[in-house]
Structure formats: structure tokens, C-alpha cells
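Notes for the one structure printed next.
There are 2 protein chains.
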Amino acid sequence: MAGAGRGAPKDPDLPGQPVLVRALTLLGQFSEQRRALNLSEMSRLSGLAPATALRLLRHLTEWGALERLEDGRYVVGVRLWEIASLSPRGHGVREIALPYLEDLYEVTRHHVLLSVREGREAVLIDRLSSRTATEVAYRVGGRMPLRTTAVGQVLLAYGGAELQDELLAGGDGPGPAPGPGGADSAGLRAVLADVKQAGVAVVRRTHPSRTVSVAAPIHGAGGGVVAALSIVVPDEEVPAHELVPLVRAAARAISRNLGHRAKASGAWRHVQPQDSSASQGD
Amino acid sequence: MAGAGRGAPKDPDLPGQPVLVRALTLLGQFSEQRRALNLSEMSRLSGLAPATALRLLRHLTEWGALERLEDGRYVVGVRLWEIASLSPRGHGVREIALPYLEDLYEVTRHHVLLSVREGREAVLIDRLSSRTATEVAYRVGGRMPLRTTAVGQVLLAYGGAELQDELLAGGDGPGPAPGPGGADSAGLRAVLADVKQAGVAVVRRTHPSRTVSVAAPIHGAGGGVVAALSIVVPDEEVPAHELVPLVRAAARAISRNLGHRAKASGAWRHVQPQDSSASQGD
DNA sequence: TCGTACTTTTCACTGAGTGAAACTGCACTT
DNA sequence: AAGTGCAGTTTCACTCAGTGAAAAGTACGA
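Chains as they are written, first to last, in my numbering: chain A, 5 to 286; chain B, 5 to 286.
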């Protein structure tokens, strides 16, 4: 890029940023509640001078990353969506997992979710829901907290100690921090330990409605956990312990299809009786 | 960006490109058959110097547009997928259309496709397929030709004269040009006229397998055609004329949900008897 | 040990990118 | 009809972010 131009630094953080990062910052301004933005908004939100924002937006639009509505506002373009559909952790896992998610859905007729971890949150990759199932809080492409959701707990449990420390110490980005000094760290650690050794997370919620979620880890070819699968049912409609084997079986089938070779031996015998999976009120 | 550096222009086209465009060019190198690329490949394919490509790739990776595998190769990242899921013409239409696609799928148990136009091709936004349905040629996120597919013909028929001229004159990007001098222009024009006034396209194929596709246009709030919906069935299993009302009804329901107010009046009476929809061998 | 291929760092040079200011066009008010 | 305000766009002199060849580092196989 070029210099900070003639003018003095307007914003303490922004001026030194490379062009590319500035352009990505522009892209990052789009969100579920801001799907269409005009120049002034983009400029204001990103902290870029209008002239600069305009130039970058033009390049992005020309390439197809953005599209322009008749009223002049910018929206995310199909070209970008198309490239993004090549994301292995996005559409990639989805393509492989979908048939199994469908099986699970056909059998239970409740919500089936697939997520991956991105930073300190989970991203919902796909969701199958009948119109008659309970209300859902999350949108495909949206983010979910790691601490309080079943998929989140699975991803967190298998995400490595580093991530857990990070999350238990600091805030988990958006959303309220757990407490002043890291309130329920010990509790969460215990939950995660249970999840990890049971191979499932069970989370009970009362908030949007009374539900139970059961989630299991999906392993990639390298052995690491690359995604998590869960099923969300109205509480007390189906006993959770009946769902556990279903969810685990589906997750294992998907893992196998991703090239994961399950560890041989007695894990089977160990895990099965240890049915007391992690749980957390609300 | 900065100058062409010390060296003389290496490639006649590339050197003058702005940084942002170069970065987008890098993104554009990913394709279905190239989902993971290493530095040398990216550098070679994009025509950028390795050092330059590396710097840009680092920025893209840092932001999350790309992710790096253990072996050093780059793949499209979840962050990009997440932003892209906000694309109105991508996941946007999908979200609204999905329930209707599902209905269509439940009733017929055959392939149901949803596409939008992007330049001179169609992009497949979603596909519902039972495992027992006929084989499919296209992948979600992939491109389909406008001339030879039912959805393509719908998008083309409603895409304006400019687009049609463009496509009939020149090549349609990838894929073989129709013929030396624009072979079957007249034929295609007639087909498109039929499609437009019938409100459906019917295409018969023999190639991967014998199938009939029936497609109908989806209108947006502004009245323009924003997407096309189609159903693909094995030939002679279901008579095409039985599918036409199903597909049209679904397309209209989706249009209404997108805020389209159907033109009042006798279109109904006109269109219905004009059942001879467009068709094309292979 | 050498060879090859890929990745990363270095560095002197320079034009691509910068942003304040001016201008245009539109909507709404006085 | 003249005035006000704001979003979008263009201009332009300045300069530092970006450049790419070359060199150094790394990994793997013969």
C-alpha cells in the first residue's frame, strides 16, 4: 500500500494496516444483522476514509466478492460464496457428514447440528430441522459459544489445554465473561474432563425452551477432532441416554469417512459403562 | 501497493494490478480440483513472485480467509465461509427456499436444484438428493452451463437481451463454444422465447443418464428473476407435464416469500394451455 | 554427502495507495 | 425558489507500503 498519505494518522490503530488487511476488515463488517451496508456505514465501521473505502469496495465488487444493490448498498457476492464453498472445514465436512446427519434426522425428527471451532467460538456448519421441532437459537454460518453448548463443549474438551486455559482465563470474545475472576473454571474443567473421557457432551437448557443436547466429536484423518455433531430434543421427550449411542455412532461413521482410523482396543469397554456424561443446568 | 519493485515486469499482465486484486486472484486459484495449494502452486498459478504471494497468503491466513494445513498447503478458511454465508444470493435465497425444496423433494424423492446466475454461468446453491436418485453432475457451489441445463435456460431466458446476445455471440467462458460462427443461435433463441412465455424450461438429457429436468424462475422483490429451481427425474419415470405445476407452484411460493407480488390477471389462463415447454435433446 | 525443490528472509527502490478537500447530486426544509 | 445536509464520488500532491531478485534456510530422498 502507500503511505498514510498526506494527512496525519486519523485513527490510532488503523493507519498502518496493509491494504489487504483493510479490505478484509471491510468484509468483516458484514454480519447477520448487517447484511447490506452503504459506503458511509462501511467507512464508519471500518475506520477507513470514505475515499479509501470506496476504492477498496470497488475492487471487491469488480471481482465479485461483493455485489451492489440498486440502492447503492453492498452485499456479499456469490463469487465469494462459491470460493468459500471449497472450504474443507466448511462445506467440506458438510458434504461428507450430510448423509449421516440425514439418517439421524430421519430417525429422530429433531434438530441435528454440525459445527467446527473457529477461534474461541463454534461455527454452525449445518442444521437439519423439521418445521415442527423446537425453536432453534442458531443459524447456519452463525457462531455459538463454546462453554454453554453441547457441540461447544465437545470442541473445547478436545481443543487442547492451551485453548481451555485461554478461554477460562480471559473472556470468550463476545458474550459475557463467566465471572470476575473466572468464576466457574473448576466446574467447567470437570465437565470437560467428563466429556473427554465419555466421548459425549450432554447439555440441558431451559432458556429458549426446555431441551437436551447430545454432542459427539468427529475425528479427521490426522486423529484430531475437526467437528462436532449434536442432536437437540425437547427435554423429557426422549431420554438422553438413548440418544447417546445414536449420536456416537453417527459421529464415528463420519469420522471413518473422513479417513480416521479409530484407535483399536478396549476403549469400547471403558467408555460404554461410563455412561454418566457431562451435564450442565441451563 | 508499491512499485513493480526493482525488477522489470515479469508478466505482461500482472505487474500493474493493485494488491487487493492480486490477493483476490490468489483466492480465485482454488477450485474443486484444487482445494489445497502450496506456495509454489499459488505463485505459479497466479503469476505472482513467490515472496509476494507468501506475504499476501500470510495476511489472508492471519485474517482467516485461508487456513494452513500441517503440510504447509493453504485451504479456504471457515472465516471466509462464514462471511460468505451472509450472501443474499447464496445462503440468503437458500434459507428462504429450503422448506419448499424439501416439500418438493419429499413428494418426488428426486433431485431438487436451486441456482443463481453468476456472469455467463449458473452457480448451484443447493441440491437435495436421495441416495437412490439418478447420478448428478453438479456439486453445491459448482458452476453449470446456462445453455444446456434447465435452470440455466430459465436464468438465461429471463436474464435480458444483453446477456443472451453476449452468450450467443462469444463463448460462454469455460466449455466448448457452440460452433464456429454461433451455430444454433436461432434454435436457442426460440427455446428461450418458449421458456419465457411458458414460465418453465424442460430439458431432456441422455448423457450421464436419461433424465428430464423441469425448471421454473424465482422472482425477487424487485420483480426480476433472482434464481431458478429445478427438479431432475429419470426419463419416463414421471411424465414431465405432471412435474410442471409442482415446480411452478414451488417457485411461486418461494418468490412470494422473497417479497415478490405476482402480476395479477390472466397470465394464468394464457400459460396453462401453452404446455409445450422448451425441450432440447441431450 | 550431495542434490533438488519448496519455503522464508532480506533489502534497496519506487509508484500504488493515501486521505483531506473539493465537487456533485439528491432529498428534505424553509 | 433558495437553502441545508448528507451520501457518494473525484482530484491530486505526497510518501511509505509493497515489490521481487537474490540469498539463506529447511526438508526430503538418493
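Glycine included, C-beta positions come from ideal geometry on N, C-alpha and C.
Note that this is a predicted model, so its numbers are computed, not measured.
How about residue i and residue j: are their beta carbons less than 8 Å apart?
| i | j | result |
| --- | --- | --- |
| residue 64(A) | residue 27(A) | yes |
| residue 120(A) | residue 83(A) | no |
| residue 306(A) | residue 205(A) | Residue numbering for chain A in the displayed model covers 5 to 286; residue 306(A) lies beyond these limits and cannot be assessed. |
| residue 219(B) | residue 232(B) | yes |
| residue 117(B) | residue 234(B) | yes |
| residue 24(B) | residue 70(A) | no |
| residue 148(B) | residue 155(B) | yes |
| residue 54(B) | residue 43(B) | yes |
| residue 105(B) | residue 126(B) | no |
| residue 85(A) | residue 91(B) | yes |
| residue 248(B) | residue 216(B) | no |
| residue 130(A) | residue 254(A) | no |
| residue 80(A) | residue 165(B) | no |
| residue 161(B) | residue 199(B) | yes |
| residue 30(A) | residue 50(A) | yes |
| residue 46(A) | residue 33(A) | yes |
| residue 111(A) | residue 128(A) | no |
| residue 193(B) | residue 239(B) | no |
| residue 225(B) | residue 262(B) | yes |
Look up residue i in the DSSP assignment and say whether it is helix, strand or coil.
| i | result |
| --- | --- |
| residue 162(A) | coil |
| residue 74(B) | coil |
| residue 52(B) | coil |
| residue 243(B) | coil |
| residue 181(B) | Residue placement at residue 181(B) is flagged as unreliable, the pLDDT there being 48, under the threshold of 50; the coordinate-derived value follows with that caveat. Residue state, collapsed to three classes: coil. |
| residue 213(B) | coil |
| residue 103(A) | helix |
| residue 59(A) | helix |
| residue 15(A) | Caution applies to residue 15(A), whose pLDDT of 38 falls short of 50 and renders its modelled position unreliable; the value that the coordinates give is listed next. Coil. |
| residue 140(A) | coil |
| residue 234(A) | strand |
| residue 29(B) | helix |
| residue 259(A) | helix |
| residue 69(A) | coil |
| residue 84(B) | helix |
| residue 193(B) | helix |
| residue 265(A) | coil |
| residue 47(A) | helix |
| residue 90(B) | coil |
| residue 22(B) | coil |
| residue 169(A) | helix |
| residue 188(A) | coil |
Just grab the DSSP bridge partners of residue i for me.
| i | result |
| --- | --- |
| residue 126(A) | 121(A) and 148(A) |
| residue 132(B) | 116(B) |
| residue 41(A) | 78(A) |
| residue 223(B) | 229(B) |
| residue 35(A) | 38(A) |
| residue 218(A) | 206(A) and 235(A) |
Can you have a look at residue i and say buried or exposed, based on whether 16 or more other CB atoms are within 10 angstroms of its CB?
| i | result |
| --- | --- |
| residue 230(A) | buried |
| residue 212(A) | exposed |
| residue 75(B) | exposed |
| residue 210(B) | exposed |
| residue 264(B) | buried |
| residue 2(B) | A query on residue 2(B) cannot be resolved here, the shown segment of chain B reaching from 5 to 286 and no further. |
| residue 136(A) | exposed |
| residue 326(A) | Since the displayed chain A opens at 5 and closes at 286, residue 326(A) lies outside it and no answer follows. |
| residue 97(A) | buried |
| residue 241(A) | exposed |
| residue 159(B) | buried |
| residue 124(A) | buried |
| residue 256(A) | buried |
| residue 266(B) | exposed |
| residue 252(A) | buried |
Taking 7 Å as the line, does the beta carbon of residue i fall inside it for any heavy atom of the ligand COA?
| i | result |
| --- | --- |
| residue 205(A) | For the structure depicted, the ligand COA is absent and the ligand set is empty, with no information on it obtainable. |
Selection of the region 83-104 of chain A by Cβ proximity to chain B, strictly under 7 Å = 83, 84, 85, 86, 87, 88, 89, 90, 91, 92, 93, 94, 95 and 103
The region 20-39 of chain B: positions lying closer than 8 Å to chain A by Cβ | 22, 23, 24, 25, 27, 28, 31, 32, 34, 35, 36 and 39
Interface residues of the region 144-172 of chain B facing chain A [CB-CB below 7 Å] = 144 and 145
Contact residues within the region 226-257 of chain B, judged by C-beta distance below 9 Å to chain A = 226
Contact residues within the region 59-86 of chain A, judged by C-beta distance below 9 Å to chain B | 59, 60, 63, 64, 66, 67, 68, 69, 71, 73, 74, 79, 80, 81, 82, 83, 84, 85 and 86
What residues in the region 122-141 of chain A have a beta carbon less than 7 Å from any beta carbon of chain B?
-> 122, 127 and 135
Taking any Cβ of chain A, which residues in the region 197-209 of chain B have a Cβ under 9 Å from it, in chain order?
-> none
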